[in-house]
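Below: one structure, written as structure tokens.
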Amino acid sequence: MAGRTQGAQLDPQCQKEGPLGFSSWVEVDLSALEHNLQTAASRTAASILPILKSDAYGHGAPVVAAFLRGRGCSTLGVSGVEEALDILRWIRADIILLTPPLPSQLPLVVQHGLTATVTTSNLARELNDWAKRSGKRITVHIKVDTGLGRLGAAPQDVPELARLIINASHLKLGGVFTHFSAAARSRRFTLKQLHQLLSLQAELRSGSDLRRVLWHAANSAAFITLPASHLDVVRLGTLLYGQAPLALDGSWNLAQTWQFKTCIIQVRVLPPGHTVGYGLGYRTTRPTRVGVIPVGYSHGLELEPQSSPWRQIKQAAARALIQGSPVFHGSTPLAILGRVSMGLTCLDISGTDLDVGDTVTVHMRRTVVSRQIPRLYYVQGKLKCIFWNHQLFSPQGRRISLKGLF
Ligand SMILES: Cc1ncc(COP(=O)(O)O)c(C=O)c1O
């Protein structure tokens, strides 16, 4: 898989008009995901907890969950109960919630046997009550705030919270963890956070038998920068999905897992002096071949409409000077003309042979690409399944189930 940065090698018939007639779609290369998983596994003795929050970082949580489970990841991490249920609708899996559930969600936590993050004694007591009523034992992890200032119990409150959980009739303390705030930027701060967690570990271990409690802290950035933080479990998202949270040395070879593709739906040649898009945002200076793609800010492109002319100028300058265009034909960037609108964007395709039905690639923030866009899953370059409209399809368009697929 060396040097694989352009995503899956796809079935040729998918390249022109779009698979199954979709006008836009996301291609997820599951073999690339597996490659990244193996790359991470080869660099640590810790267990890997794949993080599937935000619809598996835009890759589609149900299929990614089924695939990773099939590749030996027995436990998966998500943010909250809704995300867990989204996966459990499709497959059975052990799921850790990385944020504390609301009191009103505790019955669901118990019903589905989710592993809950707990940050307060009240929540631990309430969860124990609900678990008792159902005659179940629920595993919990304590989240400690060692500096991020977001979620978590204060370190000095953790020993008491841990004792409460250990002594609760229907809870099991499964883990204690923290989350780093600047692992890509500040080694000093990250080490301080880690040491705080480790001193809690020493303190708690001296009072109780915690041999089966998992300690975890590392996200992708810490995984790379601070191997000492790997502990029992590493919680990896970004890295598994082929993105580096910081510059990597040449020993790394992450594979690209995600690509957004769309088809050109109309081509016209506009004469010089013709305006393009809302707000007279662009005026042609020469005969210009304009290709329109059915993608706009509602799908995640540039996130919001540019309201003021000043912002448009800044955006255009940023595009020209810094980022270039996010739309590519092969490796050639295609300039966006005028404003990105809700569901359409105009491209300058002068000098190319692009035509209606041809495919271009759009770089977008993966986590904001709407779920209405179908996800196409490839294994070793072959289309394996399609997730669209809350349903799973075979490459031939038949409804299928995830059971036994991977
Ligand atoms: C608590 C927690 N752990 C781990 C991760 C994974 O982080 P990364 O994507 O940097 O690997 C996240 C993601 O936001 C998180 O919230």
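397 is the number that our numbering gives the last residue of the sequence shown; the numbers go up by one with no jumps.
All residues carry an ideal CB built from backbone N, CA and C; glycine is no exception.
Any heavy atom of ligand 1 closer than 7 Å to the Cβ of residue i?
i: Gly228; result: yes
i: Ile87; result: no
i: Ile42; result: yes
i: Pro365; result: no
i: Ala212; result: yes
i: His170; result: yes
i: Pro236; result: yes
Buried or exposed for residue i, going by 16 or more other Cβ atoms inside 10 Å?
i: Thr106; result: buried
i: His221; result: buried
i: Gly268; result: buried
i: His290; result: buried
i: Asp240; result: exposed
i: Arg124; result: exposed
i: Trp206; result: buried
i: Leu93; result: exposed
i: Thr323; result: exposed
i: Glu73; result: exposed
i: Arg389; result: exposed
i: Ala219; result: exposed
i: Pro98; result: exposed
i: His26; result: buried
i: Val351; result: buried
i: Lys127; result: exposed
i: Lys134; result: buried
i: Ala57; result: buried
i: Ser15; result: buried
i: Asp136; result: buried
i: Asp344; result: exposed
i: Gly321; result: exposed
i: Leu383; result: buried
i: Met355; result: buried
i: Lys373; result: exposed
i: Gly272; result: buried
i: Ala145; result: exposed
i: Pro91; result: buried
i: Gly(-2); result: Reliability fails at Gly(-2), whose pLDDT of 39 lies under 50, so the model's placement of it is uncertain and the value that follows must be treated cautiously. Answer is buried; the Cβ neighbour count reaches 16.
i: Gln184; result: buried
i: Trp243; result: exposed
Based on DSSP bridge pairs, tell me the residues matched to residue i.
i: Thr253; result: Ser15 and Val351
i: Arg376; result: Reading off the sequence, residue 376 comes out as Cys, not Arg. DSSP output for Cys376 lists Tyr368 as bridge partner(s).
i: Val331; result: Paired residue(s): none; Val331 is not in a bridge.
i: Arg390; result: Phe384
i: Pro324; result: Phe319
i: Gly282; result: Val258 and Leu338
i: Thr130; result: Lys163
i: Asp20; result: Tyr369
i: His207; result: Phe168 and Val224
i: Ile42; result: Gly68
i: Arg274; result: Thr266
i: Ile82; result: Per DSSP, none; premise fails for Ile82.
i: Ala144; result: Val135
i: Ala173; result: Looking at the DSSP assignment, Ala173 forms no beta bridge with any residue, so it has no partner.
i: Thr108; result: His132
i: Leu88; result: Val69
Let me make sure I understand the geometry here. Which of the options has the alpha-carbon closest to that of residue i?
i: Leu88; options: Lys123, Lys127 and Leu40; result: Leu40
i: His170; options: His161, Ala212 and Leu393; result: Ala212
i: Arg339; options: Gln192, Ser316 and Gly104; result: Inspection of the sequence shows that residue 339 is occupied by Asp rather than by Arg. Considering only alpha carbons, the answer is Ser316.
i: Ile215; options: Ala23, Ser33 and Gly348; result: Ser33
i: Ile256; options: Gly282, Gly270, Ile377 and His265; result: Gly282
i: Val260; options: Ser341, Leu245, Leu195 and Leu393; result: Ser341
i: Cys376; options: Glu117, Lys394, Ser199 and Ser361; result: Lys394
i: Ala175; options: Gln29, Ile133 and Ala238; result: Ala238
i: Val359; options: Val204, Asp20, Ala36 and Lys44; result: Lys44
i: Ser38; options: Leu227, Leu191 and His320; result: Leu227
i: Ser199; options: Ser177, Leu230, Phe180 and Asn158; result: Asn158
i: Val149; options: His161, Val167, Lys163 and Ser160; result: Val167
i: Thr276; options: Pro263, Tyr288 and Ile284; result: Pro263
i: Ala153; options: Arg362, His132 and Val101; result: His132
i: Gly51; options: Trp379, Leu114 and Gln387; result: Trp379
i: Arg274; options: Ile327, Thr253, Lys163 and Lys252; result: Ile327
i: His103; options: Leu114, Cys337, Val109 and Asp77; result: Asp77
i: Ala122; options: Arg179, Gln96 and His265; result: Gln96
i: Ala23; options: Gln147, Ala193, Leu292 and Gln234; result: Gln234
i: Leu201; options: Ala208, Asn210, Asp223 and Glu293; result: Asp223
Measure how close the beta-carbons of residue i and residue j come, nearest whole angstrom, since I'm counting them as under 8 Å.
i: Val258; j: Asp346; result: 6 Å
i: Val54; j: Tyr368; result: 5 Å
i: Leu67; j: Ile86; result: 5 Å
i: Val204; j: Thr35; result: So it is not a contact: roughly 19 Å between Cβ atoms.
i: Ala31; j: Leu217; result: 14 Å between Cβ atoms; not a contact.
i: Arg62; j: Leu28; result: 6 Å
i: Leu142; j: Thr110; result: 6 Å
i: Thr181; j: Ala193; result: That pair is no contact at about 19 Å.
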